[in-house]
Amino acid sequence: DSGVTQTPKHLITATGQRVTLRCSPRSGDLSVYWYQQSLDQGLQFLIQYYNGEERAKGNILERFSAQQFPDLHSELNLSSLELGDSALYFCASSANRISSYNEQFFGPGTRLTVL
Amino acid sequence: GDSVTQMEGPVTLSEEAFLTINCTYTATGYPSLFWYVQYPGEGLQLLLKATKADDKGSNKGFEATYRKETTSFHLEKGSVQVSDSAVYFCALSLNTGGFKTIFGAGTRLFVKA
């Protein structure tokens, strides 16, 4: 158990809909990262937040957005969903030293299926 | 752009065989390098890391050396076990104000008893 929790575990929805994925980082971790894992694209870095502020951005679509709240949990919002958005979405967290790389601890993931 | 290329799988080995999974990278700047492992139904776990040239990362019998001259970070283990069956990801991380992490496509390893 990494200490990172993600809800829900599974999500099934229809094209055009909007969903919110939630992540609670390990106690004391200030950084949260979001990743998308799909069969054809592999594991893609989406975005990083540190103590409520966006810090790094990867291949995140404009239809997707994220935020980190004062209690440090994070939410990933996916809107106007398409079939191709079906994937496993991972959240990871790391410790509070922003000046150097810290090991990332991954949650169990949320499996999103868009029908 | 920045990228990580690792050998395609699946790799199938017998128990106690020698393992090598190749990984090469392209990066602007000076990245840190990592190997992560994903067991079935789980998230990724850090296996080992190296932050500068010639560093050797090691953990649970696995090793990888940061080779700047060949831009490589190959994963090796002298004697694999059935419990090593998993997907292995090579990754690099660049400090862009935050930490942008790029993963390779992953290599699935099957170890037969």
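In order, the protein sequences belong to chains A and B. Mind the numbering: the first sequence is residues 307 to 421 in the working numbering, read in order. Mind the numbering: the second sequence is residues 3 to 115 in the working numbering, read in order. Note that beta-carbon positions come from the ideal geometry of N, C-alpha and C, so glycine has one too. Owing to the predicted nature of the structure, the values given are computational and were not obtained by experimental measurement.
Interface residues of chain B facing arginine 361 of chain A [CB-CB closer than 7 Å]: Walking along the first sequence from the start, residue 361 of chain A turns up at place 55. Result: Gly99, Gly100.
Just tell me which of A:Thr419, A:Gly415, A:Val420, A:Leu421 has its CA closest to the CA of glutamine 47 of chain B. Residue mapping note: residue 47 of chain B aligns to position 45 of the second sequence, counting from 1. The option with the nearest alpha carbon to glutamine 47 of chain B is A:Gly415.
Identify the contact partners of tyrosine 356 of chain A in chain B, using a Cβ-Cβ distance below 7 Å as the criterion. Taking the first sequence and counting its residues from 1, one reaches residue 356 of chain A at position 50. Under the 7 Å cutoff, chain B gives Gly100.
Tell me whether leucine 317 of chain A sits in a helix, a strand or coil according to DSSP, three-state version. Counting from 1 along the first sequence, the entry for residue 317 of chain A is found at position 11. It is a strand residue.
What does the Cβ neighbour count give for valine 82 of chain B, buried or exposed, with the cut at 16 atoms within 10 Å? Translated into positions along the second sequence, residue 82 of chain B becomes position 80. So valine 82 of chain B ends up on the buried side.
Check whether chain A comes within 8 Å of glycine 45 of chain B, counting only Cβ atoms and requiring the distance to be less than that. On the second sequence, position 43 is the one that residue 45 of chain B refers to. Yes, contact with chain A.
Buried or exposed, going by whether 16 or more other CB atoms sit within 10 Å of the CB of glutamine 323 of chain A? For the purposes of this step, residue 323 of chain A is identified with residue 17 of the first sequence, where counting begins at 1. The residue in question, glutamine 323 of chain A, is exposed, as its Cβ has fewer than 16 Cβ neighbours within 10 Å.
Would you identify the three-state DSSP class for arginine 389 of chain A, choosing helix, strand or coil? Residue 389 of chain A sits at position 83 when you count from the first residue of the first sequence. The residue asked about is misnamed: residue 389 of chain A is leucine in this sequence, not arginine. Reduced to three states, the DSSP call for leucine 389 of chain A is helix.
Consult DSSP for serine 380 of chain A and reduce its assignment to one of helix, strand or coil. Counted from its first residue, the first sequence places residue 380 of chain A at position 74. Note: serine 380 of chain A maps to strand in three-state DSSP.
Among B:Val39, B:Ser16, B:Glu44, B:Asp86, which residue has its Cα nearest to the Cα of phenylalanine 105 of chain B? On the second sequence, residue 105 of chain B is found 103 positions in, with the first residue counted as 1. Of B:Val39, B:Ser16, B:Glu44, B:Asp86, the residue nearest in Cα terms is B:Val39.
Which of the residues in the stretch 82-113 of chain B, read from start to end, lie with their CB under 8 Å from any CB of chain A? Phe91, Ser95, Asn97, Thr98, Gly99, Gly100, Phe101, Lys102, Thr103, Ile104, Phe105, Gly106, Ala107, Gly108
Could you confirm whether any beta carbon from chain B is found closer than 8 Å to the beta carbon of serine 330 of chain A? For the purposes of this step, residue 330 of chain A is identified with residue 24 of the first sequence, where counting begins at 1. It does not; no Cβ of chain B falls within 8 Å.
If you measure beta-carbon to beta-carbon, which residues of the stretch 308-333 of chain A are closer than 8 Å to chain B? Ser308, Val310
Bridge partner(s) assigned by DSSP for threonine 326 of chain A: As a working mapping, residue 326 of chain A is identified with position 20 in the first sequence. Looking at the DSSP assignment, threonine 326 of chain A forms a beta bridge with A:Asn383.
By a C-beta neighbour count over all protein chains shown, 10 Å radius and 16 as the cutoff for buried, is aspartate 346 of chain A buried or exposed? Indexing the first sequence from 1 puts residue 346 of chain A at position 40. Its Cβ having fewer than 16 others within 10 Å, aspartate 346 of chain A is exposed.
Sequence-distant residues of its chain with Cβ nearer than 7 Å to alanine 88 of chain B (five each side left out): As a first step, residue 88 of chain B is located in the second sequence; it is residue number 86 there, counting from the start. Val39, Gln40, Tyr41, Leu111.
Which residues in chain B have a C-beta closer than 7 Å to the C-beta of glycine 364 of chain A? List them in chain order. Mapped onto the first sequence, residue 364 of chain A falls at position 58. Going along chain B in sequence order, the residues near glycine 364 of chain A (Cβ under 7 Å) are Lys102.
Determine, using beta carbons only, whether proline 376 of chain A comes closer than 8 Å to chain B. Taking the first sequence and counting its residues from 1, the one referred to as residue 376 of chain A is at position 70. No, no contact with chain B.
Leaving out five residues before and five after asparagine 408 of chain A in sequence, what residues of the same chain have Cβ atoms less than 6 Å from its Cβ? Against the first sequence, residue 408 of chain A aligns to sequence position 102. Excluding residues within five positions, the ones whose Cβ falls inside 6 Å are Ser400, Ala401.
Taking Cβ-Cβ distances shorter than 7 Å, what residues in chain A pair up with leucine 140 of chain B? Because chain B is modelled from 3 through 115, residue 140 of chain B falls outside the range shown and cannot be assessed.
If contact means a Cβ-Cβ distance below 7 Å, which residues of the stretch 54-78 of chain B contact chain A? none
Measuring only the C-alpha atoms, how far is aspartate 377 of chain A from glutamine 8 of chain B? Looking up residue 377 of chain A in the first sequence gives position 71. Looking up residue 8 of chain B in the second sequence gives position 6. Computed Cα separation, rounded: 38 Å.
Suppose you measure from the CA of threonine 319 of chain A to the CA of threonine 419 of chain A; what does that come to, to the nearest Å? The residue labelled residue 319 of chain A in the question sits at position 13 within the first sequence. The residue labelled residue 419 of chain A in the question sits at position 113 within the first sequence. If I take the Cα positions, the gap works out to 6 Å.
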